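K.L.:
Here it is: the structure, laid out below.
Residue numbers (the working numbering), protein chains in the order written: chain W, 16 to 129; chain S, 1420 to 1665.
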């Protein structure tokens, strides 16, 4: 009986959110956002995990052998791709902000825009 | 709002949110005691229905293909956004004075670039038989090009991955996925339904249209990653070379 993986997922989300709220640098903020997003990977994979089961790849293993859930693994794959693209987009915005205002500190950017 | 107020608000809201979040976890089934029907069903039927041994691959490119279509276009749109934000008039590539002159590094590159490229092709090609797939293979392939930048400099990278080719690969991959869906509609009367016949279990000739969708994805992902690398490298290299030439 263990809830540890779920607790890890929740903790990653909260700690990432704290990083986003308290960040002084847009690049640091982007990394915190990807920490938040990685909590969803942990949660999805933890839900699909099954004791004494293999990966859902039946090469050399007969069908019917217990395997972990392939659906949550597919969802995690989707999740990772979305995460990467979001990170790329935000980093591009950060570059643009730095070019416009000369800073990547969210507080100072807010000051500049009034 | 000052920083202190913001953190104070977060301390209260965050504590409440954390309490709710941990409370919501209490009724989840014990870790490892899995009993959802959908995953079990797929594990039981996919190998017989599609002859692909990687059930995750079949889920991504067949049973949940519409999902993946949406994901492909999230990728496409986000990369388009990056290109819109960062792409300007290209400066003369000769301006980038970051050529690598270290012989040991170049020699290492000679071996690793080829090895990583082949690894990428393998991961993509066998994606529906063994662990791997178009997404993973595409990223590894793009990694081989990034290695070219590391061991050969920006000019070599640009020569291998010019904008015209990268842009085309990215859009052609995304477009091919959508078009393959219509082929399914034409032949099997449902969008993205598997066509072509299921082939032999556990070989590359298996899964009907899964291999085609797999390769379309590999090409799109590789193109998208290269486009991101190009834009960010350009944004980095141009100021560096300007600073050096001062």
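Built from N, CA and C at the ideal position, the CB exists for glycine as well.
This structure is a prediction, so every number in the text was calculated from the model and none was measured.
Nearest CA to the CA of residue 25(W): which residue from 1436(S), 1429(S) and 1431(S)?
P.N.:
Locating residue 25(W) in the first chain gives position 10, where the first residue counts as 1. That would be 1436(S), whose Cα lies nearest to the Cα of residue 25(W).
K.L.:
By the three-class DSSP mapping on this structure, what secondary structure does residue 1626(S) have?
P.N.:
Counting from 1 along the second chain, the entry for residue 1626(S) is found at position 207. Looking at residue 1626(S) - three-state DSSP - the assignment turns out to be coil, as it is neither helix nor strand.
K.L.:
Short of 8 Å Cβ to Cβ, which residues in the region 35-68 of chain W face chain S?
P.N.:
36, 37, 61, 62, 63, 64, 65, 66 and 68
K.L.:
According to DSSP, which residues form a beta bridge with residue 1640(S)?
P.N.:
The count along the second chain starts at 1 and reaches residue 1640(S) at position 221. Paired residue(s): none; residue 1640(S) is not in a bridge.
K.L.:
Can you tell me which of 1609(S), 1624(S), 1444(S) and 1525(S) puts its alpha carbon nearest to the alpha carbon of residue 1569(S)?
P.N.:
Here residue 1569(S) corresponds to residue number 150 of the second chain, with the count starting at 1. For residue 1569(S), the nearest C-alpha among the options comes from 1525(S).
K.L.:
Where does residue 19(W) land, buried or exposed, given buried means 16+ other C-beta within 10 angstroms?
P.N.:
On the first chain, position 4 is the one that residue 19(W) refers to. Answer is exposed; the Cβ neighbour count stays below 16.
K.L.:
Indicate whether residue 1552(S) and residue 1479(S) have their beta-carbon atoms separated by less than 8 Å.
P.N.:
Indexing the second chain from 1 puts residue 1552(S) at position 133. Indexing the second chain from 1 puts residue 1479(S) at position 60. Yes, they are a contact pair.
K.L.:
Check whether chain S comes within 8 Å of residue 118(W), counting only Cβ atoms and requiring the distance to be less than that.
P.N.:
Counting from 1 along the first chain, the entry for residue 118(W) is found at position 103. Not one chain S Cβ lies under 8 Å of residue 118(W).
K.L.:
Whole angstroms is fine: what's the gap from residue 1507(S)'s alpha carbon to residue 1658(S)'s?
P.N.:
Along the second chain, read from residue 1 onward, the residue named residue 1507(S) stands at position 88. Along the second chain, read from residue 1 onward, the residue named residue 1658(S) stands at position 239. Those two C-alpha atoms are separated by around 13 Å.
K.L.:
Would you identify the three-state DSSP class for residue 1487(S), choosing helix, strand or coil?
P.N.:
On the second chain, residue 1487(S) is found 68 positions in, with the first residue counted as 1. The answer is helix: DSSP assigns residue 1487(S) an H, G or I state.
K.L.:
Would residue 1613(S) and residue 72(W) be called neighbours here (beta carbons separated by less than 8 Å)?
P.N.:
On the second chain, residue 1613(S) is found 194 positions in, with the first residue counted as 1. On the first chain, residue 72(W) is found 57 positions in, with the first residue counted as 1. Going by C-beta atoms, residue 1613(S) is not nearer than 8 Å to residue 72(W).
K.L.:
So what does DSSP say about residue 1467(S), is it helix, strand or coil?
P.N.:
By one-based count along the second chain, residue 1467(S) stands at place 48. Helix at residue 1467(S).
K.L.:
So is residue 1398(S) in contact with chain W if we call contact Cβ pairs under 8 Å?
P.N.:
This structure cannot speak to residue 1398(S), because chain S is shown only from 1420 to 1665.
K.L.:
For the region 1542-1611 of chain S, list the alpha helix (DSSP H) runs that are entirely contained and at least 4 residues long, ordered along the chain.
P.N.:
1553-1571, 1573-1579 and 1582-1607
K.L.:
Quick check on the DSSP output: the alpha helix (DSSP H) that includes residue 67(W) runs from which residue to which?
P.N.:
As a first step, residue 67(W) is located in the first chain; it is residue number 52 there, counting from the start. Residue 67(W) -> no alpha helix (DSSP H), and no H or E assigned at all.
K.L.:
State buried or exposed for residue 1496(S), treating a residue as buried only when at least 16 other CB atoms are found within 10 Å of its CB.
P.N.:
Start at 1 with the first residue of the second chain, and residue 1496(S) comes out as number 77. Answer is exposed; the Cβ neighbour count stays below 16.
K.L.:
Grab me the residues of residue 113(W)'s own chain with a C-beta within less than 7 Å of its C-beta, minus the 5 sequence neighbours each way, in chain order.
P.N.:
On the first chain, position 98 is the one that residue 113(W) refers to. 119, listed in sequence order.
K.L.:
Kindly list, in the order they appear in chain B, the residues whose Cβ is closer than 7 Å to that of residue 92(W).
P.N.:
Absent from the structure: chain B. Protein chains present are W and S.
K.L.:
Just to confirm, are residue 1484(S) and residue 1632(S) a CB contact at a threshold of 8 Å?
P.N.:
On the second chain, position 65 is the one that residue 1484(S) refers to. On the second chain, position 213 is the one that residue 1632(S) refers to. Yes.
K.L.:
Is residue 1486(S) close to chain W, meaning its C-beta is less than 8 Å from at least one C-beta of that chain?
P.N.:
Translated into the one-based positions of the second chain, residue 1486(S) becomes position 67. Closer than 8 Å to some Cβ of chain W, the Cβ of residue 1486(S) qualifies, so yes.
K.L.:
Does any CB atom of chain S fall closer than 8 Å to the CB of residue 29(W)?
P.N.:
For the purposes of this step, residue 29(W) is taken as residue 14 along the first chain, with counting starting at 1. Yes, contact with chain S.
K.L.:
Would a check of beta-carbon distances place residue 96(W) closer than 8 Å to chain S?
P.N.:
Within the first chain, residue 96(W) is the residue found at index 81, counting from 1. Interface residue, yes.
K.L.:
Check whether the Cβ atoms of residue 27(W) and residue 53(W) sit closer than 8 Å, and answer yes or no.
P.N.:
Residue 27(W) sits at position 12 when you count from the first residue of the first chain. Residue 53(W) sits at position 38 when you count from the first residue of the first chain. Contact: yes.
K.L.:
For residue 1531(S), would you say it is in contact with chain W, using Cβ-to-Cβ distances shorter than 8 Å as the test?
P.N.:
In the second chain, residue 1531(S) corresponds to position 112, counting from 1. No, no contact with chain W.
K.L.:
If you check the beta carbons only, do residue 1542(S) and residue 1559(S) fall under 8 Å apart?
P.N.:
On the second chain, position 123 is the one that residue 1542(S) refers to. On the second chain, position 140 is the one that residue 1559(S) refers to. Contact: yes.
K.L.:
What span of residues does the alpha helix (DSSP H) with residue 1442(S) cover, start to end?
P.N.:
What you label residue 1442(S) is simply residue 23 of the second chain in a count that begins at 1. 1422-1444 is the span of the alpha helix (DSSP H), which, as asked, contains residue 1442(S).
K.L.:
Given that residue 1613(S) touches chain W, what residues does it touch there, using C-beta distances under 7 Å?
P.N.:
Numbered from 1 along the second chain, position 194 holds the residue referred to as residue 1613(S). Those within 7 Å of residue 1613(S) in chain W number zero; the least Cβ separation is about 16 Å.
K.L.:
Looking at C-alpha atoms only, which residue of 1475(S), 1468(S) and 1648(S) is the closest neighbour of residue 1563(S)?
P.N.:
Looking up residue 1563(S) in the second chain gives position 144. Checked all of 1475(S), 1468(S) and 1648(S); the closest Cα to residue 1563(S) is 1648(S).
K.L.:
In chain order, what residues of the same chain have a beta carbon less than 8 Å from the beta carbon of residue 1462(S), not counting five sequence neighbours either side?
P.N.:
Here residue 1462(S) is taken as the residue at index 43 of the second chain, counted from 1. Cβ within range, chain order: 1474.
K.L.:
Report the residue from 1545(S), 1459(S), 1641(S) and 1628(S) whose alpha carbon sits nearest the alpha carbon of residue 1592(S).
P.N.:
As a position in the second chain, residue 1592(S) is number 173, starting the count at 1. Nearest of 1545(S), 1459(S), 1641(S) and 1628(S) to residue 1592(S), Cα basis: 1641(S).
K.L.:
Check whether the Cβ atoms of residue 1451(S) and residue 65(W) sit closer than 8 Å, and answer yes or no.
P.N.:
For the purposes of this step, residue 1451(S) is taken as residue 32 along the second chain, with counting starting at 1. For the purposes of this step, residue 65(W) is taken as residue 50 along the first chain, with counting starting at 1. Yes, the pair counts as a contact, with Cβ atoms nearer than the cut-off.
K.L.:
Are the C-beta of residue 129(W) and some C-beta of chain S separated by less than 8 Å?
P.N.:
Stepping through the first chain from its first residue, residue 129(W) is reached at position 114. Unreliable positioning characterises residue 129(W) in this predicted model, as indicated by a pLDDT of 48, which lies under 50. A coordinate reading is not provided.
K.L.:
Could you work out which residue in 1446(S), 1597(S) and 1422(S) is closest to residue 38(W) when comparing CA atoms only?
P.N.:
Translated into positions along the first chain, residue 38(W) becomes position 23. Of 1446(S), 1597(S) and 1422(S), the residue nearest in Cα terms is 1422(S).
K.L.:
Within its chain, find whatever has a CB closer than 7 Å to the CB of residue 1448(S); leave out the 5 residues flanking it on each side and keep chain order.
P.N.:
As a working note, residue 1448(S) is residue 29 in the second chain. Excluding its 5 nearest sequence neighbours in each direction, residue 1448(S) has C-beta neighbours in its own chain below 7 Å: 1454, listed in chain order.
K.L.:
So, residue 1425(S) versus residue 36(W), is the Cβ gap smaller than 8 Å?
P.N.:
The count along the second chain starts at 1 and reaches residue 1425(S) at position 6. The count along the first chain starts at 1 and reaches residue 36(W) at position 21. Result yes, Cβ atoms of residue 1425(S) and residue 36(W) sit closer than 8 Å.
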